[in-house]
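Visitor:
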Amino acid sequence: YRPTANTLFLKGDNGLPAGNFPLGLCEGDCDGDGDCAGNLQCFMRTGFEEVPNCEGSGTVGEDYCYDNFQPSASPVFRPTYSPNTFGATYVPGDLSVPCDNNKLMLSKGLSCKLLTTGTGSPVQYSNGTFSTATMHGLADGAGVIPHPTDNGWYYVSNSEETTIGGVGTFRFDQNGELIGYERTLSNTNRNCGGGRTYWNTWVSCEEWSGGGYCWEVDPHTGHTAKVKNVDEGGQYESFAYDDQDPDVTARFFTTEDRGDGALIRYTPHPDAYTTNNVYDILNTENGDYDFLVLNQADNTFSWSPNRIDGEVSASVFPNSEGIDVHNRILNFVSKTNKELFTLDLAAMTWTSSSTLSGAFDLQPDQLQRIIGDSDMLYFCEDGGANADIHARDETGQYFTIVRGDGYSTETTGLAFSPNNKFMYIAFWGNSNIYSIWRDDGLPFNGEVAYTKYHAT
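All residue numbers in the sequence shown are consecutive under the working numbering, ending with 1163.
#1: What is the DSSP secondary structure of N898, counted as helix, strand or coil?
#2: Whole angstroms is fine: what's the gap from A1053's alpha carbon to R1035's?
#3: Any contact between the segment 865 to 873 and the segment 831 to 849? By contact I mean 3 or more CB pairs, one from each, below 8 Å.
#4: Tell me which same chain residues have a C-beta within less than 6 Å of the C-beta of G1148, skipping the five on either side of it?
#5: Provide the residue(s) that pair with F1024 in DSSP beta bridges, ordered along the chain.
#6: Compare the Cα-Cα distances from S911 to each of G901, Y920, Y905, G918 and report the closest residue.
#7: Identify the continuous beta strand (DSSP E) that holds D1089 and give its terminal residues.
#8: Helix, strand or coil for N1038 per DSSP?
#9: Please list, in chain order, all residues of the same chain as L723 whose beta carbon is under 7 Å from its beta carbon, the five residues on each side excluded.
#10: Taking only three categories from DSSP, how would you classify A1156?
#11: How about L715 and V767: do their beta carbons lie closer than 8 Å?
#12: Let's test the definition: count the other Cβ atoms within 10 Å of the Cβ of Y905 and tell me whether it reaches 16, buried, or not, exposed.
#13: Going by DSSP, what residues sit across from V830 in a beta bridge?
#14: DSSP puts P975 in a beta bridge; with which residues?
#15: Identify whether A1004 lies in helix, strand or coil by the three-state DSSP scheme.
#16: Using the DSSP secondary-structure output, state which residues sit across from C772 in a beta bridge.
#17: Between which two residues does the beta strand (DSSP E) harbouring M1130 extend?
#18: How should A1098 be labelled, buried or exposed, when 16 other C-beta atoms within 10 angstroms of its C-beta is the threshold for buried?
#19: Pop quiz: S1060 and G1103 are said to be a contact at Cβ under 8 Å. What is the actual Cβ separation, rounded to whole angstroms?
#20: Looking at the strands, I want to know which residues DSSP matches up with Y996.
#21: Check whether the segment 939 to 949 touches the segment 973 to 986, counting contact only when three or more Cβ pairs, one atom from each stretch, lie closer than 8 Å.
#22: Taking 6 Å as the limit between beta carbons, can you name the residues of its chain near D952, skipping five residues before and five after?
#23: In the DSSP assignment, the beta strand (DSSP E) including S814 goes from what residue to what residue?
#24: Suppose you measure from the CA of E1154 to the CA of T796; what does that come to, to the nearest Å?
#25: Rounded to the nearest angstrom, what separates G825 and D954 at their Cα positions?
#26: Helix, strand or coil: how does DSSP classify E1046 here?
#27: Mind the definition here: the segment 915 to 930 touches the segment 994 to 1005 only if three or more C-beta pairs lie below 8 Å; say whether that holds.
#28: Quick one: residues in its chain with C-beta nearer than 8 Å to the C-beta of N894, no 5 flanking neighbours on either side, listed in chain order?
#29: Kindly indicate which three-state DSSP category Q777 falls into: helix, strand or coil?
#30: Give me the DSSP bridge partner(s) of P853.
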């Protein structure tokens, strides 16, 4: 039992088990700095000497990784959160680190690795071998699904190609090493966005004017099926769920990238939960479809069973794309209006705000939320060249995480590993996917040194 992240904790010895090394903050037993993650150092002990910036006494004579960071007396930018006591070197918004021959400019304290080399090429694994399957084209929306047994994960990436679209799945071990790639869903149309289910499958949505639908993909078992979260064919984008509604087991939301694209709420029939098969939740008959209706007079909203009502209301949020639900707060973006809409699902009220901020001057696209020392919304960007990755903190201020200097296409595929230590992004036209991590070894939802916001 470890009461806090700063409590001394014996996690391994002599490099074993290998999966626990390098050690994190206040973890032991280390035999030198090389056993410690990032910039942490090994504090050598003969008894119960106090380990700087750690709590507890630990095990007698065992050595622990610690943070020897000394903050400067006059930081260039004002601190964003609580004082840095974790050795954080990550400065979101300070775009000063070139990566991949200057194709990317990263925030200070980040590093990156290119995982793919374009459409039709094999994917090289961390051990130097190559995949049998070749990389899918037009890599778009993506998500991360944890592996059920070994602490690794899958990165599932949509392909927005016509008739040969689908989903490509990257397999990572618990250390973030790439160990596999395969095509999990094939021969669908323009798979654009999507979202994760609460039982850890991926829902991939077709943005196809000929009548797109959504598909459930389980990267672990290989299961795929067209699902019933939308009522008719359309140009669908992103998917999210709310499993905290007191009236039902869960509801599911889908956006549509059209000027009159309604936001759809799907409630499965109760029978969907009686089969003990999670694949039936989104694939049982007689579920209910409702459509978002915003009242602009008093900033309340309602759900109508009439699709036309939802399509009329969509004039307020045309071409909706990314969507996220957390603690009964639903956020989604209108790329045409460059607005973020926030719905309180319990209070039935809504607000909106512009996403225009500094370098974030194109269209907001896919959304990702990360919870921790800070509550962040991360945005991909569409609508032209110079598309980047941006974020918005809980104060409503924006900053840029990654700038795509070497690309003239939209950013897509934004997702975080289950331990939040790896961020994945893609560039749509090139199908290039990157893994990005913090040099200090901390997760993206951990402490930061400070933040450089967009100028206001």
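Glycine included, C-beta positions come from ideal geometry on N, C-alpha and C.
Quantities reported herein were computed from a predicted structural model and do not represent experimental measurements.
Guide: Well, looking at it:
#1: strand
#2: 7 Å
#3: yes
#4: A744, G745
#5: According to DSSP, which records beta bridges pairwise, F1024 is partnered with nothing at all.
#6: G901
#7: 1083 to 1089
#8: strand
#9: none
#10: coil
#11: no
#12: exposed
#13: None; V830 has no bridge partner.
#14: Answer is none; P975 lacks a bridge partner.
#15: coil
#16: C749
#17: 1129 to 1134
#18: buried
#19: 7 Å
#20: Y973
#21: no
#22: R958
#23: 811 to 815
#24: 9 Å
#25: 47 Å
#26: strand
#27: no
#28: T870, I871, G872, G873
#29: For Q777, the predicted model reports a pLDDT of 41, less than 50, meaning its position is unreliable and no value from the coordinates is stated.
#30: W860
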